[in-house]
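> Numbers given in the working numbering equal positions in the sequence shown, counted from 1, plus 297.
Glycine included, C-beta positions come from ideal geometry on N, C-alpha and C.
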Amino acid sequence: MMADDAREKDDAREKDDARQKDDARHKTEAYLGRLRQRLRGMDDQDAREIIEELRSHIRDKAAASGEVTAAGVDRALSALGSPEDLASQYMTDDLLARAEVSRSPLRILESLFRWASLSIAGFLVLLGSTIGYFLGAVFILVAALKAFHPGTAGVWRLPSGSDDFEISVRLGFGSAPVSGRELLGWWIVPVGLGAGCALVMLTTRFAIWCLRQYRTSRALPRG
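1) Alpha carbon to alpha carbon, what distance is there between R316 and D341?
2) Which stretch, first to last residue, makes up the alpha helix (DSSP H) that contains G489?
3) What does DSSP give as the partner residue(s) for G451 in the beta ladder?
4) Alpha carbon to alpha carbon, how far is L377 from R411? Give it in angstroms, no decimals.
5) Would you say the region 501-514 touches the region 440-457, given that touching needs at least three Cβ pairs under 8 Å?
6) What number of angstroms, rounded off, separates the C-alpha of V488 from the C-alpha of A444?
7) Assign F436 to one of two classes, buried (16 or more other C-beta atoms within 10 Å of its C-beta) or exposed (fewer than that).
8) When DSSP labels each residue in this structure, what does R400 get in the three-state scheme?
9) CB K324 to CB A360, shorter than 8 Å?
10) For M339, which residues does DSSP report across the bridge?
11) Helix, strand or coil: how does DSSP classify P474 here?
12) State whether the region 490-499 contacts the region 459-475, with contact taken as three or more CB pairs (one from each stretch) at a distance under 8 Å.
13) For the ligand NAD, is there a heavy atom less than 7 Å away from the beta-carbon of S514?
14) By Cβ distance below 7 Å, which residues in the same chain neighbour M299 in space, the five residues on each side in sequence not counted?
15) Would you call D460 buried or exposed, if buried means 16 or more other Cβ atoms sit within 10 Å of its Cβ?
16) Which residues in the same chain as R389 place their Cβ atom closer than 6 Å to its Cβ, once the five residues preceding and following it in sequence are excluded?
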């Protein structure tokens, strides 16, 4: 009789363990399924690696106190946050990583727009980078357009009030400013190209450094 009771308890315990494992597996796969849907647009291989890394991460966290249980999985998933928010973080991280590799100003600005939507720091870096790229592009354009508008393209000193003046960078479209004086002449070509390229390079380095700092400070879960 006692042997039968012990056997029944063992069977009940085994069934409960199996149910716990099934519940844990179901919750894990449901979470990862929702996450995978939000990773559309990412490279398939990268998305699969993220899913496998997270599956391992959830399993390790859920089994920290022994067996993998549904309650342990719940705690692990709660620490990760919603799959939608986590997917957004992974998509942002992927975009920032590709910007670091490409070093393309357009790709960098695209990634900074994404970062700017998430934090004030991202907005400030985007603002500074946009200004840097804009000024660099202006100097390069002035240098390039000097050959087509030799009398109007360049850096001009314009009178402003009785004893004051202002500096204006003009691309050459329109007539020459009245009472204005061009400062650099044909020197605007080497100066503009040099200053413009330097601004673009420095802005790119600044933006990439900021992107790396941001990615390092917000390391995502790995297996």
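Considering the structure as presented:
1) Here residue 341 refers to the residue found at position 44 of the sequence shown. Here residue 316 refers to the residue found at position 19 of the sequence shown. The straight-line gap from Cα to Cα measures roughly 32 Å.
2) Residue numbering aside, residue 489 sits at position 192 when the sequence shown is read from its first letter. Segment 485-514, the alpha helix (DSSP H) holding G489.
3) Stepping through the sequence shown from its first residue, residue 451 is reached at position 154. DSSP, once it has assigned bridges, lists R467 as partnering G451.
4) Position 114 of the sequence shown, counted from the first residue, corresponds to residue 411. Position 80 of the sequence shown, counted from the first residue, corresponds to residue 377. About 21 Å.
5) no
6) One-based indexing of the sequence shown puts residue 488 at position 191. One-based indexing of the sequence shown puts residue 444 at position 147. Whole-angstrom Cα-Cα distance: 14 Å.
7) Residue mapping note: residue 436 aligns to position 139 of the sequence shown, counting from 1. Under this definition F436 is a buried residue.
8) Sequence index remark: in the sequence shown, residue 400 carries index 103 (1-based). Note: R400 maps to coil in three-state DSSP.
9) For the purposes of this step, residue 324 is identified with residue 27 of the sequence shown, where counting begins at 1. For the purposes of this step, residue 360 is identified with residue 63 of the sequence shown, where counting begins at 1. No.
10) The count along the sequence shown starts at 1 and reaches residue 339 at position 42. M339 pairs with R337.
11) The sequence position of residue 474 within the sequence shown is 177, counting from 1. Of the three classes helix, strand and coil, the one that applies to P474 here is coil, per DSSP.
12) no
13) Among the ligands in the structure shown, none appear at all, so the ligand NAD cannot be discussed.
14) In the sequence shown, residue 299 corresponds to position 2, counting from 1. Unreliable placement is indicated for M299, whose pLDDT of 47 sits below 50; the coordinate value is still reported in the next sentence. Taken in chain order, the list of residues that qualify is empty.
15) Stepping through the sequence shown from its first residue, residue 460 is reached at position 163. D460 comes out exposed.
16) What you label residue 389 is simply residue 92 of the sequence shown in a count that begins at 1. Note that residue 389 corresponds to Thr in the displayed sequence, not to Arg. Contacts found: R411.
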